[in-house]
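K.L.:
This is the structure I have questions about; it appears just below.
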Amino acid sequence: MCGIAGAWAKDPTDPSGDALRPMASAISYRGPDDGGVWTDAGHGITLLHRRLAIVDLSPAGHQPMTSTSGALVIVYNGEIYNHDDLRAKLAAQGLTPEWRGHSDTETLLACIEAWGVERTVSEAVGMFAFGLWNRTTGSLTLARDRFGEKPLYYGWQGGRFLFGSELKALAAHPAFERRINHDAVAQLLRFNYIAGPQSIWSGVRKLPPGTTLTLRSIDDRDATPTRYWSLVETALHGIANPLDLDDVAATDHLEAVLKRAVGGQMMADVPLGALLSGGVDSSLIVALMQSQSTRPVRTFSIGFHEKRFDESGHAALVAAHLGTDHTTLMMTADDVLSAVPRMPDIYDEPFADSSQLPTTLVMALARQHVTVALSGDAGDELFGGYNRYLFAPKLWKSLRLVPAPLRSAVAQMMTKALSLNGGSLSHALDRLPIHANLGDKAYKLAARLGPVRSVDDLYASMLAEWGLSDVPVLRGSSHHALIDDRGAWPVIADPVARMMALDSVSYLPDDILVKVDRAAMAASLETRAPFLDHRVAEAAWTLPMHQKLRQGRGKWVLREILDRYVPRTLIERPKMGFGVPINDWLRGPLKGWASDLLSEDRLRRQGLLDAEIVGRQWRDHLSGRRQLGSQLWSVLMLQAWLDRQGM
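In the working numbering, the protein residues as written are 658 to 1304.
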């Protein structure tokens, strides 16, 4: 895992080489082990790199790296898990270069020189983002892995093209112009994240997952990303060509595919462990790791003193059964207070999934013991784990029978009931053991019942923190975000499959993977997600839906595999998700910090948000009439980021 950056300038007098080292220094935590700069002053190109050494710890893995022919220069972030297999393919074709080491960077370069970029990224199994300069053609190519595990931003600033792993790398260029993208602000408040390809800065974009971008010249401003792999096409192909296997055979097949993915991701020349929540996904990954390890796997989890959010006890039981070397950190108010001020630096564009707080802490905990950690991310999207996949179709089946005016009346009654007596009913729902934040979700449902006209509307409303017409922005719109751009949705007949595909190309790359990458990299920790091996995804989409959702529960086939390693009694419980007690924290240890950031005078001075609406929401939350922690968190993360930017 590393950090990359680059600049291509039309003007030969533009800063280059060592003068641009601040671009790499801004993301040095992504690669604390080594750094490098390569420049071709004649072409105005500079490539920069920060290295976290994982495979081949020797200087042979130093970047920027030049190919043996001298024609190609690369800066690369990620891991190619099948790079030994790729070397074997080169050897079989008589295309083996004189290897200088055994790094996957060198493998990547050799494959590109032999096969070209498109075939190489199509054959690579792994996560990556890279910038490649072709000295022969004078062209620059950017590439990003299939799911977007590794970030890559790019854009023009005047006559310069900049790219980097994080926005702060681009912002460190002396020509960078800080102009806020108001549509991105609207997206942040509506969904808690900024949807790709947009970013918080005007003129800067995220390279979409599964694409490459080639600039033939510095003036090639019309260049657009080219897709080499598509989750939607994978889903459509799998749905059209399902595996015809009985339950046992399907379980055997997927177990073999997953076990291969996990084994491949255990490749490292440094200490390796895993994140363990005690849920199905992470428990299965750890079980498959332990089954392929000769020593106890190091596992890590985070816990809360608020019992309705705490799964650490479940994780400890799973760890004990599997025989891992387990460590738990119990999150305290002091931990929260120390973590919150770091969020604008760690997530260098505003990001508001409140589970970023425990994620940041568990990554730091893991880094004290290991350099690489595997996780269970993407199991929900691929195998139907989110409650909305079960809840939305069932609810819509009932709602469609109720006239819209009556639904609106019921919604108003629900909202009023939840607000009575200082929100006592909402508080009571929140404290039920069956699900965290149930009161908050009830408010959200009540607010969205009236406008819902289809199961797609219901799904979109479940993803949004603010209603489409309620987002308190003075300028900008979220209509460019995929969830609000209904015409761009994949044409998949089954509404559950449609939701799963949409989550995989929006919520997964723009929320989950952003959260994990930034939190891990802030601690100089590499995380790996075996479910994001594209062969696992392809296998998942060939399974019929009844082998994913069954008897009112998701992830049926994953549970069947896990049963072979862990007693069902340790796993079977209502899904909690990685929630945090944000409502209580904002009335408790974070109240002073939040009150300062939500000052109506401050909001009016900034001119981005409707100060009256935000102020009313804050007062309603403090009084206990409403449970608005999730909505307010998006505003707070924006405000904290603006404060950090001096804006």
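Ideal placement from N, C-alpha and C gives every residue a C-beta, glycine not left out.
On the criterion of 16 or more Cβ atoms from any shown chain inside 10 Å, does glutamine 1208 qualify as buried, or is it exposed?
P.N.:
exposed
K.L.:
Please name the residue in Pro1246, Asp1037 and Asn1240 whose C-alpha comes closest to that of arginine 1282.
P.N.:
Asn1240
K.L.:
In its own chain, which residues sit with a C-beta less than 7 Å from the C-beta of isoleucine 711, not counting the 5 before and 5 after it?
P.N.:
Met658, Glu736, Ala925, Asp926, Val927, Thr1028, Val1029 and Glu1183
K.L.:
Should the stretch 821-830 be regarded as contacting the stretch 903-915, the criterion being three or more beta carbon pairs within less than 8 Å?
P.N.:
Result no; under three Cβ-Cβ pairs closer than 8 Å.
K.L.:
Got a sec, what are the start and stop residues for the alpha helix (DSSP H) alanine 1117 sits in?
P.N.:
Alanine 1117: member of the alpha helix (DSSP H) spanning 1112-1120, first to last residue.
K.L.:
Out of curiosity, what's the CA-to-CA distance linking alanine 897 and alanine 1196?
P.N.:
13 Å
K.L.:
Going by DSSP, what residue range makes up the alpha helix (DSSP H) through isoleucine 1239?
P.N.:
1239-1244
K.L.:
To the nearest angstrom, report how far apart glycine 1144 and leucine 1170 are at their CA atoms.
P.N.:
25 Å
K.L.:
Taking all protein chains shown into account, decide if glutamine 1284 is buried (16 or more other Cβ within 10 angstroms of its Cβ) or exposed.
P.N.:
It is buried - the Cβ of glutamine 1284 has at least 16 other Cβ atoms within 10 Å.
K.L.:
Is isoleucine 837 helix, strand or coil when you go by DSSP?
P.N.:
strand
K.L.:
Distance, Cα to Cα, tryptophan 1298 vs arginine 1110?
P.N.:
36 Å
K.L.:
Please state whether the Cβ-Cβ distance between valine 905 and tryptophan 1242 is less than 8 Å.
P.N.:
no
K.L.:
DSSP beta-bridge partners for histidine 983?
P.N.:
DSSP lists Thr956 as partners of histidine 983.
K.L.:
How many Å lie between serine 685 and arginine 707 at the Cα?
P.N.:
Within the model, the alpha-carbon separation for serine 685 versus arginine 707 is close to 6 Å.
K.L.:
At what residue ranges does the stretch 792-827 contain a whole run of the beta strand (DSSP E), taking only runs of 3 or more?
P.N.:
For the stretch 792-827, whole beta strand (DSSP E) runs of length 3 or above, ordered along the chain, are 796-801, 810-814 and 817-821.
K.L.:
Would threonine 793 be called buried (16 or more neighbouring beta carbons within 10 Å of its own) or exposed?
P.N.:
Result: exposed.
K.L.:
Do phenylalanine 848 and leucine 1266 count as a contact pair if the criterion is CB distance below 8 Å?
P.N.:
no
K.L.:
Please report how far the alpha carbon of glycine 853 lies from the alpha carbon of glycine 920, in whole angstroms.
P.N.:
Between the alpha carbons of glycine 853 and glycine 920 lies a distance of about 31 Å.
K.L.:
Helix, strand or coil, according to DSSP, for lysine 863 in the structure here?
P.N.:
strand
K.L.:
Among residues of its own chain, excluding the 5 on either side of glutamine 1296, which ones have a beta-carbon nearer than 6 Å to its beta-carbon?
P.N.:
Leu1254
K.L.:
I'd like the span of the beta strand (DSSP E) that includes glycine 1303, first residue to last.
P.N.:
From DSSP, glycine 1303 is part of no beta strand (DSSP E); its letter is neither H nor E.
K.L.:
For leucine 872, which of helix, strand or coil comes out of DSSP?
P.N.:
strand
K.L.:
What's the C-alpha gap between isoleucine 1237 and serine 1032?
P.N.:
The sequence given here places valine at residue 1237; isoleucine does not occur at that position. When rounded, the distance between both Cα atoms is 19 Å.
K.L.:
Got a sec, what are the start and stop residues for the alpha helix (DSSP H) tyrosine 1046 sits in?
P.N.:
1044-1056
K.L.:
Just list the alpha helix (DSSP H) runs in the stretch 880-953, keeping only unbroken ones of 4 residues or longer that don't cross its boundaries, in chain order.
P.N.:
As far as the stretch 880-953 is concerned, its whole alpha helix (DSSP H) runs of at least 4 residues are 888-897, 904-922 and 937-947.
K.L.:
Counting contacts by CB-CB distance shorter than 8 Å, is glutamine 947 in contact with chain B?
P.N.:
Among the protein chains of the structure shown there is no chain B, as only one such chain exists.
K.L.:
Are the CB atoms of glycine 970 and leucine 1215 within a distance shorter than 8 Å?
P.N.:
No, these two residues do not count as a Cβ contact at 8 Å.
K.L.:
Starting from the Cα of leucine 714, find the closest Cα among Pro689, Met988, Tyr811 and Gly783 and give me that residue.
P.N.:
Pro689
K.L.:
When the distance is taken between beta carbons, is phenylalanine 820 closer than 8 Å to alanine 662?
P.N.:
yes
K.L.:
How many angstroms separate the CA atom of threonine 989 from the CA atom of proline 754?
P.N.:
Going from the Cα of threonine 989 to the Cα of proline 754 covers about 54 Å.
K.L.:
When the Cα atoms are used, what is the spatial distance from valine 954 to phenylalanine 833?
P.N.:
45 Å
K.L.:
For arginine 801, is the classification buried or exposed, using 16 other Cβ atoms within 10 angstroms of its Cβ as the cut-off for buried?
P.N.:
buried
K.L.:
Taking the straight line between their C-alpha atoms, what separation do you get for leucine 729 and alanine 1186?
P.N.:
30 Å
K.L.:
So, is isoleucine 1091 buried or exposed, given that buried needs 16 or more other C-beta atoms within 10 angstroms?
P.N.:
Its pLDDT being 49, under 50, isoleucine 1091 is placed unreliably in this model, and the value from its coordinates should be taken loosely. Counting the other CB atoms within 10 Å of its CB gives isoleucine 1091 a total below 16, which places it among the exposed residues.
K.L.:
Would you say the beta carbon of proline 1201 comes nearer than 7 Å to a heavy atom of the ligand SAH?
P.N.:
In the structure shown, the ligand SAH is absent, as is every other ligand, since no ligand is present at all.
K.L.:
How would you call glycine 751, buried or exposed, if buried means at least 16 neighbouring beta carbons within 10 angstroms?
P.N.:
Taking all protein chains shown into account, glycine 751 has fewer than 16 neighbouring C-beta atoms within 10 Å of its C-beta and is therefore exposed.
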